[in-house]
Amino acid sequence: MARYNSYIICTSPRSGSTLLCKLLAATGIAGNPASLFYRPTLPDWLTRLGLILVETVAERELLETIFEAANRKGRGDTAIFGLRQQRHGFDFLCEKLAILHPGNLSDCERIQRIFGTTLFIHLTRTDKLAQAVSYLKAEQTGLWHLAPDGTELERTAPNRAPVYDRDAIRAHVETMTAYDRAWETWFEREAIAPLRLSYNDLSDDPRATLRTVLLHLGLDPAAADRVAPGVRKLADETSREWGARFRAENTLA
């Protein structure tokens with residue numbers, strides 16, 4: 004029997020969360036995790052949930068509708084709710100939860116009022132330079148994810164050649180580092196001991212990482228055996244060249 008009603012993958016961009024979400028959804032027993040609260044705006048939430056904004060509706064009523072829809076979408080046809088939460092949108096999410104559940108409650112208590120007993124999963128990428136390079140390349144080329152057969156899964160702009168940009172890479176390293184630090188600060192404040200996963204372990208053995216998550220959720224780990232990874236790595240020779248060039252030009256703290 005499942006130990007939790009829900010789980011939240013606490014992460015930052017280019018940490019392997021798309022791979023993990025697809026693996027979990029493919030089991031058919033572990034929810035349908037996605038970035039339902041990606042941007043810190045209600046219009047973005049409504050779009051992602053397929054809802055229409057009614058101007059005359061009070062904010063509290065609108066939020067009730069949003070979280071009911073999110074609960075349905077994040078569960079899919081399963082008994083457990085899954086969510087991928089990027090750090091840049093998390094404070095806004097907590098602010099809106101406080102409108103629904105005001106008073107002397109912690110963020111964690113408010114989350115569990117909405118989604119039930121929650122497992123928090125912290126997925127990180129230790130190599131912040133590789134993470135920054137991956138993010139910059141995706142920004143420039145418009146290509147964010149490929150299927151194992153090379154089919155494009157997510158493209159946000161017409162293709163263009165990537166161009167090395169030392170300052171942009173440095174800025175992304177700092178941003179990704181700050182996201183990790185913010186998650187750690189929040190876990191400490193909320194007295195949460197998250198399940199910790201790494202990009203490297205997930206990339207090296209996706210099924211083993213999936214089994215770990217299923218075990219912690221109290222779900223059948225054998226479900227991982229019938230699941231195949233749904234995305235392909237985008238790192239290439241350009242990625243390696245940029246990383247080597249940046250290291251030669253800079254000293255990372």
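Per my numbering, the sequence shown starts with residue 4, numbered consecutively. Where is the CB? At the ideal position from N, CA and C, for every residue including glycine. From a predicted model like this one, the values you see are computed outputs, not experimental measurements.
Hey, residue i and residue j are a contact pair by Cβ (cut 8 Å); roughly how many whole angstroms apart?
i	j	result
Leu52	Leu39	6 Å
Ser242	Lys140	7 Å
Ile117	Tyr10	No, Ile117 and Tyr10 are not in contact; Cβ-Cβ is about 13 Å, not under 8 Å.
Can you tell me which of the three DSSP states residue i falls into?
i	result
Phe40	coil
Glu240	helix
Ile69	helix
Arg199	strand
Leu87	Going by the sequence as given, residue 87 is Arg instead of Leu. In this structure, Arg87 counts as strand in the three-state DSSP scheme.
Thr14	strand
Ser20	helix
Ser206	helix
Glu58	coil
Ser137	helix
Arg173	helix
Arg250	helix
His3	This structure leaves residue 3 out entirely; the chain is present only between 4 and 256.
Ala256	Its pLDDT being 45, under 50, Ala256 is placed unreliably in this model, and the coordinates cannot settle the point.
Arg63	helix
Asn8	coil
Ile117	helix
Leu271	Within the shown structure, residues of the chain are numbered from 4 to 256, placing residue 271 beyond reach of any answer.
Trp245	helix
Ile32	coil
Quick one: Cα of residue i to Cα of residue j, how far?
i	j	result
Leu49	Ala28	22 Å
Thr178	Phe93	15 Å
Glu58	Arg78	28 Å
Asp110	Glu244	42 Å
Trp147	Pro16	10 Å
Phe95	Thr44	8 Å
Ala164	Phe84	39 Å
His91	Tyr41	8 Å
His104	Glu240	50 Å
Thr154	Ala160	16 Å
Glu112	Arg192	12 Å
Gly34	Glu252	44 Å
Pro151	Glu142	21 Å
Cys13	Leu220	15 Å
Asp80	Gly31	8 Å
Ala256	Trp189	The predicted model places Ala256 with a pLDDT of 45, which falls under 50 and marks its position as unreliable; any figure quoted below should be read in that light. Roughly 23 Å between the two C-alpha positions.
Thr144	Arg75	34 Å
Arg6	Leu200	19 Å
Leu56	Leu65	8 Å
Taking C-alpha atoms, which residue in the options lies nearest to residue i?
i	options	result
Ala196	Arg235, Gly153 and Leu126	Leu126
Gly119	Leu132, Leu213, Ala82 and Ala211	Ala82
Asp183	Glu142, Asp228 and Gln88	Gln88
Leu86	Pro224, Ala37 and Leu198	Ala37
Ala181	Phe70, Thr121, Arg128 and Arg63	Arg128
Gly233	Asn162, Arg210, Tyr138 and Leu198	Arg210
Exercise. Three or more C-beta pairs closer than 8 Å, one from the region 237-249 and one from the region 164-179: is that the case here?
Worked result: yes
For this session: Decide if the region 204-217 is in contact with the region 13-23; the criterion is three or more beta carbon pairs, one per stretch, under 8 Å apart.
Result: yes
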